[in-house]
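Trainee:
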Amino acid sequence: MNNPVPMHRKYFRIFIPLLSLLSALCLGALVIALADRDPLMIFQKMFYATLGSSYGMGQVLFKMTTFIFVGLAVAIPFRLRLFNIGGEGQLLMGAFAAALTGAALPETIPSTVAIFLCTLAAMTAGACWALLAGVLKVQYGVNEVISTIMLNFIAQGITGYLLTCHFALPSTVHTTPVTAAATIPTFYKVAGWFTNSPANFSTIVALATALLCWFMMFHTRFGYEMRATGLQPDAARYGGINATVHTLTAMGTGGAAAGLGAANIILGYKHYYEAGATSGIGFTGIAVALLAGAHPLLLILSALFFGFLEYGGLTVNSMIPKEIFMIIEAATILLVISFTALGKRLL
Amino acid sequence: MAVALRLSAVTKKFGNFTANSNISMSIEKGTIHAIVGENGAGKSTLTKMIYGMHLPTSGELFIEGKSRRFASPREAIRAGIGMAHQHFMLVPELSVTENIILGHEQSHLFSSLPLKNAKATIKKDAETYGLAVDPDALVTTLSVGEQQRVEILKLLFRQASIMIFDEPTAVLTPSERERLFETLRSLRSQGKTIILITHKLDEVLSVADTISVMRKGEIVGTVAASSVTKQELARMMVGRAVLMSVANPEASPGKTVLSLKSLGYRTRQGEVKLQNLTLQVRAGEIYGIAGVEGNGQSELLQILWALTSGEEIISGEAVVNGASIFGKKTADRVLMGIAYTPENRLRHAVITDYTVAENLLFGRHRERFFHRGAGFNNHVVNRYADELITDYDIRCGTPAKQPLSALSGGNQQKVVLARELNRPAISLLILAQPTRGVDIGAIETIHKKIIAARDRGMAILLVSSELEEIMTLSTRIGCIYKGSIRHEFSQEEVSEKKMDEQEFQKEIGFHIT
Ligand SMILES: Nc1ncnc2c1ncn2[C@@H]1O[C@H](COP(=O)(O)OP(=O)(O)OP(=O)(O)O)[C@@H](O)[C@H]1O
Ligand SMILES: [Mg+2]
Chain V
338 MNNPVPMHRK
348 YFRIFIPLLS
358 LLSALCLGAL
368 VIALADRDPL
378 MIFQKMFYAT
388 LGSSYGMGQV
398 LFKMTTFIFV
408 GLAVAIPFRL
418 RLFNIGGEGQ
428 LLMGAFAAAL
438 TGAALPETIP
448 STVAIFLCTL
458 AAMTAGACWA
468 LLAGVLKVQY
478 GVNEVISTIM
488 LNFIAQGITG
498 YLLTCHFALP
508 STVHTTPVTA
518 AATIPTFYKV
528 AGWFTNSPAN
538 FSTIVALATA
548 LLCWFMMFHT
558 RFGYEMRATG
568 LQPDAARYGG
578 INATVHTLTA
588 MGTGGAAAGL
598 GAANIILGYK
608 HYYEAGATSG
618 IGFTGIAVAL
628 LAGAHPLLLI
638 LSALFFGFLE
648 YGGLTVNSMI
658 PKEIFMIIEA
668 ATILLVISFT
678 ALGKRLL
Chain C
704 MAVALRLSAV
714 TKKFGNFTAN
724 SNISMSIEKG
734 TIHAIVGENG
744 AGKSTLTKMI
754 YGMHLPTSGE
764 LFIEGKSRRF
774 ASPREAIRAG
784 IGMAHQHFML
794 VPELSVTENI
804 ILGHEQSHLF
814 SSLPLKNAKA
824 TIKKDAETYG
834 LAVDPDALVT
844 TLSVGEQQRV
854 EILKLLFRQA
864 SIMIFDEPTA
874 VLTPSERERL
884 FETLRSLRSQ
894 GKTIILITHK
904 LDEVLSVADT
914 ISVMRKGEIV
924 GTVAASSVTK
934 QELARMMVGR
944 AVLMSVANPE
954 ASPGKTVLSL
964 KSLGYRTRQG
974 EVKLQNLTLQ
984 VRAGEIYGIA
994 GVEGNGQSEL
1004 LQILWALTSG
1014 EEIISGEAVV
1024 NGASIFGKKT
1034 ADRVLMGIAY
1044 TPENRLRHAV
1054 ITDYTVAENL
1064 LFGRHRERFF
1074 HRGAGFNNHV
1084 VNRYADELIT
1094 DYDIRCGTPA
1104 KQPLSALSGG
1114 NQQKVVLARE
1124 LNRPAISLLI
1134 LAQPTRGVDI
1144 GAIETIHKKI
1154 IAARDRGMAI
1164 LLVSSELEEI
1174 MTLSTRIGCI
1184 YKGSIRHEFS
1194 QEEVSEKKMD
1204 EQEFQKEIGF
1214 HIT
């Protein structure tokens, strides 16, 4: 009587994400069909509008870039079993800081310096916002889920108030544009790639950041301590690991990553802060991180997938409501999580 | 007699590694069948297959003559198989009764629980088998021995007829152990079949009817307990003669390393755990603390390793090499030359998802020797891991790849001991239950290493619930009772009284109860 399970095991592991993506796609098709549209036609259109055009690809890359950053904002603390729901608030604060700094800089400043200063402002703002939750956690034991959610509301309030009452240009809902020197050049402008799309050099920074985080997590002593603390806090304490330091660093790094995401949006695309500039992208970061199992390299793929869905959804907006794509996104996550759990039980 | 359980050519492979190879055996109904063997021999794997936690790679399992195949413990439980887990699977916030019926409620989801009936059944079982516990007590308030009784009551409640015990005595005090054996005997007399795994051969010989010896995944012999001696059994297990007690040459202690003066420990609720505890440990001696668990040992260890929560009131003095350790963080204590193997190693001393090599580094990862750049020097780490693995005979695959959780229980213990005993420049070594869960061959090795460490001039504080271990190793012995040292045996007394072990054991027993 031979047991067939070990034979399947290897294949099964690779198939789990694929299987869940495929079933999510089928579900999507079903939903589209229920909305009285032809799913094949919609998928085809999406495909051509994204991978089939250089502008489309640029858009996907641009979205992917933000998703990588906000995904990291969730994934890094996640390794310590900290659930950072506050990506949105950190993104907002970062975006606001980048826009204000960029607008305040003189026009004559060298571009690299201007970009550096604005990005630094965004990272600092994001990091500080996340660190607030970190400090509340280590000092008073406040659950980070609750504090980051509340901090999201507070960030919305602060940015909203400051925008409407102090910084918005008369009869608009946006701030003064940043100086030309502070804008991050797009690939199109520099190299002529991705026709007219907002894809900019932040994408390279995003890939490098993900790589760096991966290296930090899996190949340094710091990451060794950090993962140990997340896996077995009691043992970490015995091993003389300072959990407070790790909690604060993880939250701070996560917030700074969200700040980088804000720089991509503000300095690379919008060039000013406006109401709704972040449009809930911070929350999508949670999904991006979960789909990747909080692994910084897998996160790139997961961000790419979400970028594809997000922009693809926009391209067929005239034919099918954007909400349908939100359903597909959310269903994919649920399916991946359930399939993974099921796979574990079966193996 | 009827056969309760039969295995026919059962093999279990993990990848390429064969943990159980071609095992055939029969276990008779109404007997206590012990399985002994070295660490990593495959005992736990075998019982996990019977209990449905692992599927056999090949081979067949017969329960009362019928071929069965369990894909999960749930199915095994339904077929009348029960396992008393070593790491108790109880919910601390629930009462004993609630814990026992958990997962076996016999009622609809929204109807009220049949607690009354359950309580009656539990009471009856408890009386029949001498398993006294208060069915209304919360599990948090129970001692380890009592928790184990709850585990057994749980099996009875589910009407298990075959009961598996994997190292049930490792965490028990000697009197609780006796009590457990009484229970096992009465279970047997009621026709239950018991499979018992333990490393303590005396126990096996006193309680089991039949003994199977495993070595390297195979059954190398099955004998009647009445027909073998401890020595023979040990020989069958290890394949060579084993020293039951290592030679312990007289120690020549030097200056005082650890000095505790009138140490006190009071919890926030005002419970006194330690009071006026005073002792000194000198370089080159082993100070053994004998005592029944729960008399302040774990609080003492918490203080020594900075694991207190900060809410308790600690008084007195604790000085290592002239410097107070109060207020020093764990990492600083390491720099002061203190090393510690905690009692609950799986919870405190290892990261089970990390590889064996990474675990051999754990807590020592700040040592420069292992560093390269911001990471570790893999070459150095692997060489160091290989060295310890050979030295302590840790049975594992590739240390840089295999996660610690894939090691057998005893080998996980050895990883921690190897790492801590090997620390450079230690002056004070604190050992809590150093040989818990390891086989007799490994005990011999570990005892030798501890004595060698002592001879190199380390001061060693040994806390153990095994009186034999305390007597074999200690230079001086302190008997702890209700949070203070009630009696201390001097070096001369220990070496003299050691001659008559039985008598000495009695005398110590008198001071700790
Ligand atoms: N999940 C697993 N993956 C790979 N190997 C495993 C796994 N579980 C156990 N093993 C290996 O199988 C062998 C037998 O392990 P097992 O736990 O059955 O030993 P044991 O006889 O119970 O030892 P101990 O007395 O130390 O508890 C060991 O060499 C162990 O490394
Ligand atoms: Mg075992």
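Residue numbers (my numbering), protein chains in the order written: chain V, 338 to 684; chain C, 704 to 1216. All C-beta atoms in this analysis are idealised placements derived from N, C-alpha and C, irrespective of residue type, glycine included. None of the values given here were measured: they were computed from a predicted structure.
1. What residue range is occupied by the uninterrupted beta strand (DSSP E) comprising C1182/C?
2. Starting from F645/V, follow the alpha helix (DSSP H) in both directions and report where the run begins and ends.
3. Should D373/V go down as buried or exposed, given a rule of 16 or more other Cβ atoms within 10 Å for buried?
4. For F559/V, which residues in chain C fall below 8 Å Cβ to Cβ?
5. I'd like the list of long-range same chain contacts for P341/V, defined as Cβ closer than 6 Å, with 5 residues on each side in sequence excluded.
6. Kindly give me the distance between the Cβ atoms of A737/C and V907/C, rounded to whole angstroms, as I take these residues to be in contact under 8 Å.
7. Anything in the segment 369-386 of chain V with a Cβ closer than 8 Å to a Cβ of chain C? List those residues in chain order, please.
8. When burial is assigned at 16 or more other CB atoms within 10 Å of the CB, is P952/C buried or exposed?
9. DSSP has M866/C in a bridge; who is on the other side?
10. Name the DSSP beta bridge partners of T1216/C, please?
11. Taking only the alpha-carbon atoms, compute the straight-line gap between P376/V and V673/V and give it to the nearest angstrom.
12. For A779/C, is the classification buried or exposed, using 16 other Cβ atoms within 10 angstroms of its Cβ as the cut-off for buried?
13. What would DSSP say about A1034/C, mapped onto helix, strand or coil?
14. Would you give the residue range spanned by the alpha helix (DSSP H) that T589/V belongs to?
15. Between the segment 409-428 of chain V and the segment 612-628 of chain V, can you find at least three pairs of beta-carbon atoms closer than 8 Å?
16. Is G1144/C near ligand 2 - that is, is its Cβ less than 7 Å away from at least one heavy atom of it?
17. Between F538/V, V515/V, T516/V, which has its C-alpha nearest K526/V's C-alpha?
18. Would you check whether ligand 2 has a heavy atom nearer than 7 Å to the C-beta of K746/C?
19. Spell out whether any CB of chain V is found under 8 Å from the CB atom of K1031/C.
20. In chain C, what lies closer than 8 Å to L488/V by C-beta?
21. Suppose contacts are defined by Cβ-Cβ distances below 8 Å. Is E444/V in contact with T516/V by that definition?
22. Expressed to the nearest angstrom, what Euclidean distance is found between the alpha-carbon atoms of L604/V and N480/V?
23. Taking a contact to mean a Cβ-Cβ separation below 8 Å, would you say R971/C touches E935/C in this structure?
24. Which chain V residues are close to I1054/C, counting only those with a beta carbon under 7 Å from its beta carbon?
25. Against A1034/C, what residues of chain V qualify as contacts under a CB-to-CB distance less than 7 Å, listed in chain order?
26. From the beta carbon of H556/V, is the nearest beta carbon of chain C less than 8 Å away?
27. Among the residues of its own chain, which have a CB less than 6 Å from the CB of S357/V, if the five just before and after it don't count?
28. Would you kindly check if the distance between the Cβ of A787/C and the Cβ of Q851/C is under 8 Å?
29. Taking the beta carbon of E974/C as the centre, do at least 16 other beta carbons fall within 10 Å, making it buried, or is it exposed?
30. Which value, in whole angstroms, describes the spacing of the CA atoms of R558/V and R1071/C?
31. Could you check if L1038/C is buried or exposed, using at least 16 other CB atoms within 10 Å of its CB as the buried criterion?
32. Using three-state DSSP, classify Y832/C as helix, strand or coil.
33. Should the segment 755-774 of chain C be regarded as contacting the segment 707-720 of chain C, the criterion being three or more beta carbon pairs within less than 8 Å?
34. Taking the runs of the alpha helix (DSSP H) that are 4 residues or longer, which of them lie wholly in the segment 714-791 of chain C?
35. Flag S915/C as yes when its Cβ comes closer than 7 Å to any non-hydrogen atom of ligand 1, and as no otherwise.
36. Strictly under 8 Å for the Cβ-Cβ distance: is L858/C near chain V by that measure?
Mentor: Answer, in terms of the structure:
1. Per DSSP, C1182/C belongs to the beta strand (DSSP E) from 1179-1184.
2. Its alpha helix (DSSP H) spans residues 635-652.
3. With fewer than 16 other Cβ atoms within 10 Å, it is exposed.
4. Those within 8 Å of F559/V in chain C are A1077.
5. Note that P341/V scores 34 on pLDDT, short of 50, meaning its location in the model is unreliable; the coordinates nonetheless yield the value given after this. Cβ contact annotation for P341/V (same chain, cutoff 6 Å, sequence separation greater than five): none.
6. Between A737/C and V907/C the beta-carbon gap is near 5 Å, inside 8 Å, which marks them as a contact.
7. Of all residues in the segment 369-386 of chain V, none places a beta-carbon less than 8 Å from a beta-carbon of chain C.
8. Answer is exposed; the Cβ neighbour count stays below 16.
9. In the DSSP assignment, the residues bridged to M866/C are G785/C, I897/C.
10. Per DSSP, none; premise fails for T1216/C.
11. Their Cα atoms are separated by approximately 22 Å.
12. Buried, since its Cβ has 16 or more Cβ neighbours within 10 Å.
13. Correct three-state label for A1034/C: helix.
14. According to the sequence shown, residue 589/V is Gly rather than Thr. For G589/V, the enclosing alpha helix (DSSP H) begins and ends at 580-602.
15. Taking 8 Å as the limit for Cβ pairs, the verdict is that the segment 409-428 of chain V does touch the segment 612-628 of chain V.
16. In this structure, G1144/C has its CB at a distance of at least 7 Å from all heavy atoms of ligand 2.
17. Out of F538/V, V515/V, T516/V, F538/V has the C-alpha closest to the C-alpha of K526/V.
18. The answer is yes for K746/C.
19. Cβ-Cβ to chain V under 8 Å: no for K1031/C.
20. When 8 Å is used as the limit between beta carbons, L488/V is near no residue of chain C, the shortest such separation being about 28 Å.
21. A contact, by the Cβ cut-off of 8 Å.
22. The alpha-carbon atoms of L604/V and N480/V are separated by roughly 33 Å.
23. R971/C places its beta carbon 8 Å or farther from that of E935/C.
24. Contacts between I1054/C and chain V, judged by CB atoms closer than 7 Å, involve A565, L568, Q569, A572 in chain order.
25. Think of a sphere of 7 Å around the beta carbon of A1034/C: the chain V residues whose beta carbon falls inside it are G577, in chain order.
26. Yes - at least one Cβ of chain C is within 8 Å of the one on H556/V.
27. Excluding sequence neighbours, S357/V sits near L672, V673, F676.
28. Result yes, Cβ atoms of Q851/C and A787/C sit closer than 8 Å.
29. Exposed.
30. Straight-line measurement puts the Cα of R1071/C at about 11 Å from the Cα of R558/V.
31. Burial call: exposed.
32. DSSP places Y832/C in helix when its eight states are reduced to three.
33. The segment 755-774 of chain C and the segment 707-720 of chain C touch, with no fewer than 3 CB-CB distances between them shorter than 8 Å.
34. Whole alpha helix (DSSP H) segments, 4+ residues: 746-753, 776-781.
35. For S915/C, the shortest separation between its Cβ and any heavy atom of ligand 1 does not lie below 7 Å.
36. False, the Cβ-Cβ gap to chain V never drops below 8 Å.
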